[in-house]
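K.L.:
Dumping the structure here so I can ask a few things about it.
2 protein chains.
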Amino acid sequence: MAKGTYTYEYPRPSVTTDCVIFGFDTEGLSVLLIERGIEPFKGCWAFPGGFMQMDEDAETCARRELEEETGLKADYVEQFGTFSDVNRDPRGRTVTIAHYALVKKSEVKGADDAAQAKWFPIGNIPPLAFDHDRILRVALKALREKIHFEPVGFELLPSVFTMPQLQDLYESILDVKFDRRNFSNKMLKLGILTEVNDGTIRKGTRNPIKYSFNQDNYNQMKAKGFRLEF
Amino acid sequence: MAKGTYTYEYPRPSVTTDCVIFGFDTEGLSVLLIERGIEPFKGCWAFPGGFMQMDEDAETCARRELEEETGLKADYVEQFGTFSDVNRDPRGRTVTIAHYALVKKSEVKGADDAAQAKWFPIGNIPPLAFDHDRILRVALKALREKIHFEPVGFELLPSVFTMPQLQDLYESILDVKFDRRNFSNKMLKLGILTEVNDGTIRKGTRNPIKYSFNQDNYNQMKAKGFRLEF
DNA sequence: AATGTTTTGTGTAATTTTTACACATGGAAT
DNA sequence: ATTCCATGTGTAAAAATTACACAAAACATT
C-alpha cells in the first residue's frame, strides 16, 4: 500500500493482526517468536504481525505477515481474540486481531534460520513486547479448549505419527498425564486414525505402529452429527 | 468525540463494536434488535453497535453503545469474534468486534419500548443488516459452547428461579430435551444452587422450589480447581 | 362443588463410560 | 551377553449416565 495521506472525520485506531505460532516436537510445545530490533521493546520478543491492508481480511493478513516475517505458510490459522486496551501500544492507539497458527514443525524448515525468528518452549518464554504475554496466555487457553472438540492436534504432528507421539502432544497441550492404554483405546475408538502400512514388518513392540489422521472419515462422521470430544 | 480531520499515512478501516443481546423468558431465548431507519439496509434489523472511541476499549464501547441505543445496562458482556470481511459494510471498510450480552429480561424494563428496539425469538429472526446473520450464528455457537463450561445461564434468569425454568433455559440454548429427574439431579450435585426460602410453606409439589445461583460457592470451588461441565 | 388435567418432586436399577492396572516382546544401550 | 527401555495389549472395578413411574396439590373445566 502506497504511503500517502488519508483523512477521516473521526480518529481511527490502527488495526493489526498478530499470530501466535505453535509448533511441536520431542521438546514439547513451543512458539515461534521474533526479536525486536527497534524501540519500543527493543530486545524483547514478539509475535509476527502487522497492519491490516484495506483489501484483505484479518486471517489473510495474519497469513501474509506470518509468511513475510518467518517464511512459514501455515495450514491452520484461527482467530481467537481481539485486544484493544487503550494503552497497549505506546506508539499509538492500536487494535490487534490475534490468531494462532499450527504448523508441522517437523515438516517445515527455515523458519528459525529466518532473521531473528526462534522457537521457544512454552515453559521457557523470554520477555515479550507489548501485551504479548497476555495474548499468549489467551492463545494457550483457546488452543486447550479447541483440542477438546476439534482434531487440531494433527496440524502439529507429522502427517504420519505414532500413538506415543500423539499422546505426548495431548499431554503437552493440556498439561496432564494419561495412561497409555486408556489414551490409545480412546483415540482408536474415535475412528479418526488410519494405520499406515509403510511396508516394514513389525517384530515385537519396540518400533511403534504408524498412524495418520483420517480427515475424510472425520468429515463424514462430523456431517452425520458426530462431535469429537476428548 | 469532536468531528474534525484526522490524517494518517496509511488508510485505516473503521473499528466498531456490535452487541448481540440475549434474553430469556417463557417464550424461550430471544435477541434484541434495532430497526434501521436509513440506508443501507433500511428496514432491516441490526444489533446495537457503533464506532469505538479512542479512549475506550472494545468491551467498554460495546457496553456504551448498548446503553445508548437500548437503555440496557448489561451485567455480562463478552467478546466472541471479530468480523473483517472486506465488503461487509457498503459504506466503507469496517471491522467490527462482536460481543454478546446476557440480560435478565425479567428484571429489565424499557428496552423494548426504546425507539425501534424489539425482542425476537431465536427461531423467528427478521432479515438482518450487513453480515449480522452470520454474526448471530457465531454468537449462538459461542453461547452454546460457553454454557457447557461456565455458569452463564444464570445471567439470563431472574435471580430467583425454579428448576423447570433452569431446565427450559438449558433446553432453549442447547436445543435439546433433558429428563426432568436427571437434569435436576445433575444440577443439584454441582453444588452451585442455593434453595431460597421465601417464607411460603410448600404443600404438595405443584408450586416449585425456588433456587438462586450461589456465586460465592462457585468462585471458591473454581479457585480449588473445580471445572463446571454440563 | 365435583372432576379431570397439569405441574412438580422424588429414587433406583440397568447400561455405559471411565479408570486402574501388569506383563511380554524385541530393539537399544552398556 | 546382559540390562534397560519403549511399546502394545485386555479386563475387572468404579463411576457416571440413562431410563423410567407415581403421588400430591394447584389449576382448569364442567
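First to last, the sequence lines map onto chains A and B. For reference, each letter of the first sequence is one residue, going 11 to 240 in my numbering. For reference, each letter of the second sequence is one residue, going 11 to 240 in my numbering. For each residue, glycine too, the CB sits at the ideal point set by N, CA and C. This structure is a prediction, so every number in the text was calculated from the model and none was measured.
Under a Cβ-count criterion, where at least 16 other Cβ atoms within 10 Å of its own Cβ denotes burial, should residue 17 of chain A be classed as buried or exposed?
P.N.:
The residue is exposed, with fewer than 16 neighbouring Cβ atoms inside 10 Å.
K.L.:
Between the region 129-140 of chain A and the region 193-209 of chain A, are three or more C-beta pairs nearer than 8 Å?
P.N.:
Judged by Cβ distances under 8 Å, the region 129-140 of chain A makes no contact with the region 193-209 of chain A, as fewer than three pairs qualify.
K.L.:
Report the residues of the region 138-165 of chain B with a CB closer than 7 Å to any CB of chain A, ordered along the chain.
P.N.:
Under the 7 Å Cβ criterion, the region 138-165 of chain B contributes no residue.
K.L.:
Could you work out which residues of chain A lie near residue 206 of chain B, taking near to mean beta carbons separated by less than 7 Å?
P.N.:
Under the 7 Å cutoff, chain A gives no residues; its nearest Cβ is about 33 Å from residue 206 of chain B.
K.L.:
One question on the structure: do residue 183 of chain B and residue 157 of chain B come within less than 8 Å of each other, judged by their Cβ atoms?
P.N.:
It is a contact, given that the beta carbons lie within the stated cut-off.
K.L.:
What are the partner residues of residue 220 of chain B, as DSSP defines its beta bridges?
P.N.:
In the DSSP output, where bridge partners are listed per residue, residue 220 of chain B has B:172, B:206.
K.L.:
Using a C-beta to C-beta distance shorter than 9 Å, which residues of chain A count as neighbours of residue 5 of chain B?
P.N.:
No answer is possible for residue 5 of chain B: the residues shown for chain B start at 11 and end at 240.
K.L.:
Identify every run of the alpha helix (DSSP H) within the region 153-198 of chain A, keeping only runs that are complete inside it and at least 4 residues long; order them along the chain.
P.N.:
Listed in chain order, the complete alpha helix (DSSP H) runs (minimum 4 residues) inside the region 153-198 of chain A are 173-184.
K.L.:
Between the region 200-217 of chain A and the region 146-154 of chain A, are three or more C-beta pairs nearer than 8 Å?
P.N.:
Too few Cβ pairs lie closer than 8 Å, so no.
K.L.:
So is residue 78 of chain A in contact with chain B if we call contact Cβ pairs under 8 Å?
P.N.:
No - not a single Cβ of chain B is within 8 Å of the one on residue 78 of chain A.
K.L.:
According to DSSP, which residues form a beta bridge with residue 92 of chain B?
P.N.:
Answer is B:107, bridged to residue 92 of chain B.
K.L.:
Anything in the region 92-110 of chain A with a Cβ closer than 7 Å to a Cβ of chain B? List those residues in chain order, please.
P.N.:
Within the region 92-110 of chain A, the qualifying residues are 92, 94, 95, 96, 103, 105, 107.
K.L.:
Excluding sequence positions up to five away, which residues of its chain have a Cβ less than 6 Å from the Cβ of residue 46 of chain B?
P.N.:
These residues qualify, in order along the chain: 52, 54, 56, 139.
K.L.:
Counting Cβ pairs closer than 8 Å, one from the region 74-90 of chain B and one from the region 15-33 of chain B, do we hit at least three?
P.N.:
Touching, yes, given that three or more Cβ pairs across the two stretches are closer than 8 Å.
K.L.:
Output the distance between the C-alpha atoms of residue 20 of chain B and residue 40 of chain B, rounded to the nearest integer angstrom.
P.N.:
C-alpha separation (whole angstroms): 41 Å.
K.L.:
For residue 73 of chain A and residue 43 of chain A, what's the separation of their Cα atoms in angstroms?
P.N.:
The straight-line gap from Cα to Cα measures roughly 15 Å.
K.L.:
With a 10 Å radius around its C-beta and 16 neighbouring C-beta atoms as the bar for buried, classify residue 111 of chain A as buried or exposed.
P.N.:
Buried.
K.L.:
Who are residue 87 of chain B's beta bridge partners in DSSP?
P.N.:
According to DSSP, residue 87 of chain B bridges with B:111.
K.L.:
Taking the alpha helix (DSSP H) that residue 234 of chain A falls in, what are its first and last residues?
P.N.:
Careful: residue 234 of chain A lies outside any alpha helix (DSSP H) and carries neither H nor E.
K.L.:
Considering only their Cβ atoms, is the gap separating residue 172 of chain A from residue 218 of chain A smaller than 8 Å?
P.N.:
Cβ atoms of residue 218 of chain A and residue 172 of chain A: closer than 8 Å.
K.L.:
Establish whether the CB of residue 14 of chain B and some CB of chain A are separated by less than 8 Å.
P.N.:
Chain A, which has a Cβ nearer than 8 Å to the Cβ of residue 14 of chain B, makes this yes.
K.L.:
Would you kindly work out how many angstroms separate the C-alpha atoms of residue 186 of chain A and residue 98 of chain B, rounded to a whole number?
P.N.:
Looking at the two C-alpha atoms, the distance is approximately 42 Å.
K.L.:
Using the Cα positions of residue 7 of chain A and residue 154 of chain A, report the straight-line distance between them to the nearest angstrom.
P.N.:
Past the edges of chain A, shown from 11 to 240, lies residue 7 of chain A, and the structure says nothing about it.
K.L.:
Measuring only the C-alpha atoms, how far is residue 232 of chain A from residue 15 of chain A?
P.N.:
Spanning the two alpha carbons is a distance of roughly 49 Å.
K.L.:
Using a Cβ-Cβ cut-off of less than 7 Å, list which residues of the region 175-206 of chain A approach chain B; keep chain order.
P.N.:
Listed by position, the residues of the region 175-206 of chain A near chain B (Cβ gap below 7 Å) amount to none.
K.L.:
Exposed or buried, what is residue 48 of chain B when buried is set at 16 or more other beta-carbons lying within 10 Å of its beta-carbon?
P.N.:
Looking at its Cβ environment, which holds fewer than 16 other Cβ atoms inside 10 Å, residue 48 of chain B is exposed.
K.L.:
For residue 17 of chain A, return the contacting residues in chain B, with the cut-off set at a CB-CB distance below 9 Å.
P.N.:
The answer, in chain order, is 15, 16, 17, 18.
K.L.:
Between the C-alpha atoms of residue 50 of chain A and residue 22 of chain B, what's the straight-line distance to the nearest angstrom?
P.N.:
Roughly 22 Å between the two C-alpha positions.
K.L.:
Suppose you measure from the CA of residue 180 of chain A to the CA of residue 163 of chain A; what does that come to, to the nearest Å?
P.N.:
Straight-line Cα distance between these residues: approximately 7 Å.
K.L.:
Of all the options B:101, B:105, B:61, B:220, which has the alpha carbon lying nearest to the alpha carbon of residue 62 of chain A?
P.N.:
Among B:101, B:105, B:61, B:220, the Cα nearest to that of residue 62 of chain A is on B:105.
K.L.:
Along chain A, which residues have their Cβ under 7 Å away from the Cβ of residue 173 of chain B?
P.N.:
The premise fails here: residue 173 of chain B is roughly 26 Å from chain A at the closest Cβ pair, so nothing lies under 7 Å.
K.L.:
Going along the region 25-50 of chain B in order, which residues come within less than 7 Å of chain A, judged by CB to CB distance?
P.N.:
Under the 7 Å Cβ criterion, the region 25-50 of chain B contributes 25.
K.L.:
What is the rounded straight-line gap between the Cα of residue 66 of chain A and the Cα of residue 96 of chain B?
P.N.:
Straight-line Cα distance between these residues: approximately 6 Å.
K.L.:
Name the chain A residues whose beta carbon is nearer than 7 Å to that of residue 61 of chain B?
P.N.:
20, listed in chain order.
K.L.:
Which residues of chain B have a Cβ atom closer than 7 Å to the Cβ of residue 68 of chain A, listed in chain order?
P.N.:
Under the 7 Å cutoff, chain B gives 92, 94.
K.L.:
What did DSSP end up calling residue 18 of chain A once you bin it into helix, strand or coil?
P.N.:
DSSP places residue 18 of chain A in strand when its eight states are reduced to three.
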